[in-house]
Amino acid sequence: MQPEAPPLAIAAAVDFGGTKLAIGFVDEAGRVLASTRFATPDGGPAEVARAAADELATIAARLGLDLLSLAGVGATVPGLADTENGVLRFAPTQGWRDVPFAQMLSDAVGLPAFIANDVNACALAEQRFGVAKGCANFLWVTVSTGIGGALVLNGRLFEGPRALAGEIGHMAVAIPGPPCGCGRDGCLQAVASGTAILKAAIKSGLEVSSGRDVFDKALAGDTRAVEIVDSVHVHIGRALSHAANLLDLDMIVIGGGVAESLDTRRLQREVLAHAITLPEHAPPVLRTTLRAEAALIGAGLLVFSKQRREAI
Ligand SMILES: [Zn+2]
Numbered sequence: 212m213q214p215e216a217p218p219l220a221i222a223a224a225v226d227f228g229g230t231k232l233a234i235g236f237v238d239e240a241g242r243v244l245a246s247t248r249f250a251t252p253d254g255g256p257a258e259v260a261r262a263a264a265d266e267l268a269t270i271a272a273r274l275g276l277d278l279l280s281l282a283g284v285g286a287t288v289p290g291l292a293d294t295e296n297g298v299l300r301f302a303p304t305q306g307w308r309d310v311p312f313a314q315m316l317s318d319a320v321g322l323p324a325f326i327a328n329d330v331n332a333c334a335l336a337e338q339r340f341g342v343a344k345g346c347a348n349f350l351w352v353t354v355s356t357g358i359g360g361a362l363v364l365n366g367r368l369f370e371g372p373r374a375l376a377g378e379i380g381h382m383a384v385a386i387p388g389p390p391c392g393c394g395r396d397g398c399l400q401a402v403a404s405g406t407a408i409l410k411a412a413i414k415s416g417l418e419v420s421s422g423r424d425v426f427d428k429a430l431a432g433d434t435r436a437v438e439i440v441d442s443v444h445v446h447i448g449r450a451l452s453h454a455a456n457l458l459d460l461d462m463i464v465i466g467g468g469v470a471e472s473l474d475t476r477r478l479q480r481e482v483l484a485h486a487i488t489l490p491e492h493a494p495p496v497l498r499t500t501l502r503a504e505a506a507l508i509g510a511g512l513l514v515f516s517k518q519r520r521e522a523i
């Protein structure tokens, strides 16, 4: 008789986004056991931590899980994270600075808590369980309401000494160009994010309420929408080629709400057109296989990594 395999460890996971809060449980194999998603509550970080804790307790009861027997809770945060000390250094959307979010979450849930930047968490999840499984050198790009990036180099997350590495959304790609939320002009985020796409569409007279609508109208042949969608692919593709030329990447992975509508073949063509390598060496541009759950899985991974005392 085969000895029974020990049960897989389970972690509580929180994906704290600028507009949405996703809560769930993730096992060591990267499976999301149950999750829910709702609008990020108004109020301060303590309200967010409390809402997450309440929802975790509800889902745990439904799954028959003893919440307090788990090893911990991992959370992604929408900003600059000091993972070592569990401090959210700066959240641009909320305007929060130096929030001890790990401690707040730990107090609310009753478990040890760990935090990481949301984009970095996606890259870690992708490297462990997704299309970049085992890949040592790749760039993850989130194309959503904003645009963010995370770098894995030589098998490790590379954040840079000030945790500013991978900020592809603020690469200046259109000069002169529209203003960006960072205070500069012509950033990739200002011309190709969901927010930028919607702004450009409304300016051109299209009746749309989301970035997705613009892609749908382009597919239907509306020339104004086609022009915007073309420009989005050109600008993102060029930014990816700059990254490829700078870093000699094995792969580029895109994720996020807007990325679902992007055509990876068109991005690939831009990379091939501008990358300095031979076509057969140019990094493939691939869509995440973890889809919208990449960040939640990454949040769970934080707990398992801390348990094994791995650096993240
Ligand atoms: Zn910017």
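Heads up: the sequence shown begins at 212 in my numbering, then just goes up one per residue.
All C-beta atoms in this analysis are idealised placements derived from N, C-alpha and C, irrespective of residue type, glycine included.
Query: Enclosing alpha helix (DSSP H) for F358 [first to last residue]; Result: The identity of residue 358 in the sequence shown is Ile, whereas the question assumes Phe. I358 -> not in any alpha helix (DSSP H); beta strand (DSSP E) instead, spanning I358 to L364.
Query: Sufficient close CB pairs (3 or more, under 8 Å) joining the region 232-251 to the region 259-269; Result: yes
Query: Helix, strand or coil at D329 according to DSSP, with G and I counted as helix; Result: helix
Query: Test item: CB-CB of L278 and G321 under 9 Å; Result: yes
Query: Helix, strand or coil at M382 according to DSSP, with G and I counted as helix; Result: coil
Query: V298 - DSSP class collapsed to helix/strand/coil; Result: strand
Query: heavy atom of ligand 1 below 8 Å from Q400 C-beta; Result: yes
Query: Alpha-carbon spacing of V243 relative to I508, whole angstroms; Result: 7 Å
Query: 8 Å CB neighbourhood of D433 in its chain, flanking five on each side removed; Result: L417
Query: Alpha-carbon to alpha-carbon, F325 and A292; Result: 10 Å
Query: Own chain residues within Cβ distance below 8 Å of Q314, not counting five before or after; Result: G297 and A324
Query: Neighbourhood of A411 by C-beta, 6 Å cutoff - its chain only, sequence neighbours within 5 removed; Result: I439
Query: Assigned secondary structure, G448 (DSSP; H/G/I helix, E/B strand, else coil); Result: helix
Query: Distance between beta carbons of D226 and T294, contact taken as under 8 Å; Result: T294 to D226, Cβ: 15 Å. No contact.
Query: Contact check, P490 vs D461, beta carbons under 9 Å; Result: no
Query: R395 beta carbon near ligand 1 (any heavy atom closer than 8 Å); Result: yes
Query: Reference L364, options I413, E378, R373 and N348, closest by Cα; Result: N348
Query: Backbone CA spacing between A470 and T353 [nearest angstrom]; Result: 7 Å
Query: Close beta carbons around T304, own chain, < 7 Å, minus the five adjacent residues each side; Result: G229 and P289
Query: Own chain partners of S415 with C-beta closer than 6 Å, once the 5 adjacent residues on each side are dropped; Result: R435
Query: H381 beta carbon near ligand 1 (any heavy atom closer than 8 Å); Result: yes
Query: Identified DSSP bridge partners for M315; Result: M315 is not bridged to any residue.
Query: Test: G255 CB closer than 9 Å to a CB of chain D; Result: The question asks about chain D, but that chain is absent: this structure has only one protein chain.
Query: Pair within 9 Å by beta-carbon distance, W307 and L299; Result: yes
Query: Own chain residues within Cβ distance below 6 Å of I397, not counting five before or after; Result: With the sequence shown as reference, residue 397 is identified as Gly, and Ile is not the correct amino acid for it. So the qualifying residues of the chain are A383, A385, I386 and G388.
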